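Below is one structure, written out as structure tokens, with a few remarks after it.
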Amino acid sequence: MSILVDEQTRVVVQGITGREGSFHTRQMLQYGTVIAAGTTPGKGGQSFEGIPVFNTIREAVEKEGVNTSCIFVPPPFAADAIMEAGEAGIGLIVCITEGIPALDMVKVAALLENKDTVLIGPNGPGIISPGKTKVGIMPGPIHRPGSIGVISRSGTLTYEVVDQLTRAGLGQSTCIGIGGDAIVGTTFVDHLRRFKEDPETKGVVLIGEIGGSAEEEASDYIREEFNKPVLAFIAGLTAPPGKRMGHAGAIISGKQGRAEDKIKSLESAGVTVVRNLGDLGRKALEVMG
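The numbering of the sequence shown is my numbering, which starts it at 25 and goes up by one.
This is how it looks when you write it as structure tokens:
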């Protein structure tokens, strides 16, 4: 089983004719993802790799029955793309775009607050259920179908962790990159709830980093409600306070957001925390193998 996406997922790619959109559309098609439509304003009526291109998401919903969006739209226009998909009734929106202004994301959050829409990202690699489908930019060949859920704030660390899990013989049920921005659509807790209800997910790996309070909130949820083994790694253990480390959300402000505090919080909730990333695969086999 998987969460949020499977073989029935019908994807529309927003920005399908752009450089990033076209490249990753081909990659998703190669993986087996059902790309039913694309959108680029002004290019409606054209096709890309045999996929119909529309001017708007609403047209793609009405004519191709798409239910999931994957967004490769430049930062100044990405928030509008998310809101267009939400207004058109798309149930799952995956936004890959990095660098969306925080004030734009405030508007997105307000719009989606009362809608039955799940937003993954922005500034993340997307979601993959190995052997079924992928929506985003995750490298397909390193993934294997299995029973470990992965939730990550870091795209590249996701790939490293998945590769270690696969090499250890631990396949994945679903892997989700929630994004590294200060304002993202969904959190660790949102997806832990889904993995809790998935009978084929036997354990979860969390990949966190400095900044914000997402890991502490996950700790509270795990302590109170999550009954499956959790393994975690927190990036940025040696990061100096006040210096942004790559992601917009990865910054220690005062005494908030420090890696050591996140590790302490997770361990107090019963989570096994790996301090050396190179040990994660071996440790996962011990905890969840």
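Glycine included, C-beta positions come from ideal geometry on N, C-alpha and C. None of these values were measured; they are calculated from a predicted model.
Tell me residue i's beta-bridge partners as DSSP assigns them.
i	result
S153	T157
A259	E233
V132	BP columns for V132 are empty, so no partner.
S176	G201 and I231
I27	None, per the DSSP bridge assignment.
Would you grab the beta carbon distance between residue i and residue j for me? Rounded to a whole angstrom, and I think it's under 8 Å.
i	j	result
D23	P125	Residue 23 lies beyond the range of the chain shown here (25 to 313); nothing can be said about it.
V130	G113	In fact, because the Cβ distance is near 22 Å, the residues do not count as touching under 8 Å.
H48	F96	7 Å
I175	H215	5 Å
S153	S197	7 Å
I120	I161	6 Å
T157	E31	6 Å
E239	I258	7 Å
G235	G281	4 Å
Please identify the residue among the options whose C-alpha is closest to the C-alpha of residue i.
i	options	result
G201	T190, E122, L261 and P169	E122
L301	Q188, L136 and L143	Q188
F101	L309, D128 and T157	D128
R50	C94, I27, A259 and P223	C94
A192	G305, S26 and F219	G305
A308	P253, G281 and E239	P253
G294	T262, A256, D303 and R282	A256
M52	G89, I234, D104 and G150	G150
R299	A109, I207, G232 and G155	G232
L136	S237, G39 and D104	D104
Sorted by chain position, which residues of the same chain lie with C-beta nearer than 7 Å to residue i's C-beta, five sequence neighbours on each side aside?
i	result
R82	A112
I106	I95, I117, C119, V132 and L143
Looking only at its own chain, which residues have a Cβ that is under 8 Å from the Cβ of residue i, when we skip the five neighbours before and after it?
i	result
T92	V29, T33, R34, V35, V36, I114, G115, L116, I117, V118 and V159
T41	G62, T64, K67, Q70, F72 and V77
T225	M25, I27, S171, I172, G173, S197, T198, F219 and K252
Sorted by chain position, which residues of the same chain lie with C-beta nearer than 6 Å to residue i's C-beta, five sequence neighbours on each side aside?
i	result
N79	P65 and G68
Worksheet entry | Every unbroken beta strand (DSSP E) inside the stretch 35-115 [3 residues or more] | Within the stretch 35-115, the complete beta strand (DSSP E) runs of at least 3 residues fall at 58-63, 75-78 and 92-95.
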